[in-house]
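Numbering (the working numbering), first residue to last: -6 to 129.
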């Protein structure tokens, strides 16, 4: 995907990678999360391409507008809630492997998300790591 930013994330609790090379979205390894949707537990896989809304569900239904409880597949901890989205769902976050945080709305179908950095050098490193132009 030209002009896109690929993000690699890890659990803020245990520090393990959330990337799954076996489940691919947008021709790249996906972000692998445990989820609970309407009392069913399973997995949700998100695209690692920032701005892509491609996702895949396993063991749970793709229920539009449902709030997804999200957990680390390694340690089982829920991801931290940072704020409430304008759609009234919790916004949760994952750590970027290069520093910073990606925050996403937990409501299925809501497109509210952000990349945040406390150190501008981490943002620069993320852009520089994409390819020789800074973006891929």
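We put the CB at the ideal spot given by N, CA and C, even for glycine.
Listed in chain order, the beta strand (DSSP E) runs fully inside the stretch 42 to 91 are 48 to 51, 62 to 64, 74 to 77 and 83 to 89, counting runs of at least 3 residues.
In this structure the stretch 23 to 43 lies against the stretch -2 to 12, because at least three pairs of beta carbons, one per stretch, are closer than 8 Å.
Taking one beta carbon from each stretch, the stretch 113 to 123 and the stretch 87 to 95 have 3 or more pairs nearer than 8 Å; the two touch. From the listed residues 99, 26, 19 and 79, the smallest Cα separation to residue 69 is found for 26. Note on geometry: alpha-carbon atoms of residue 7 and residue 56 lie some 29 Å from one another. Taken atom to atom, the span from the alpha-carbon of residue 110 to that of residue 74 is near 17 Å. With respect to residue 33, residue 53 sits close: the two C-beta atoms are nearer than 7 Å.
The shortest CA-to-CA distance from residue 18 to any of 5, 49 and 4 is the one to 49. Bounds of any alpha helix (DSSP H) do not take in residue 34; it lies within the beta strand (DSSP E) bounded by 33 to 39.
Its Cα nearest to that of residue 101, the residue 62 stands out among 62, 108 and 66. In summary, residue 96 is buried, with 16 or more beta-carbon neighbours lying within 10 Å of its beta-carbon over all protein chains present.
Of the candidates 66, 39, 11 and 64, the residue whose Cα lies closest to the Cα of residue 106 is 39. In this structure, the straight-line span from the alpha carbon of residue 30 to that of residue 5 is close to 22 Å. 83 is the residue among 24, 66, 83 and 93 whose C-alpha sits nearest the C-alpha of residue 103.
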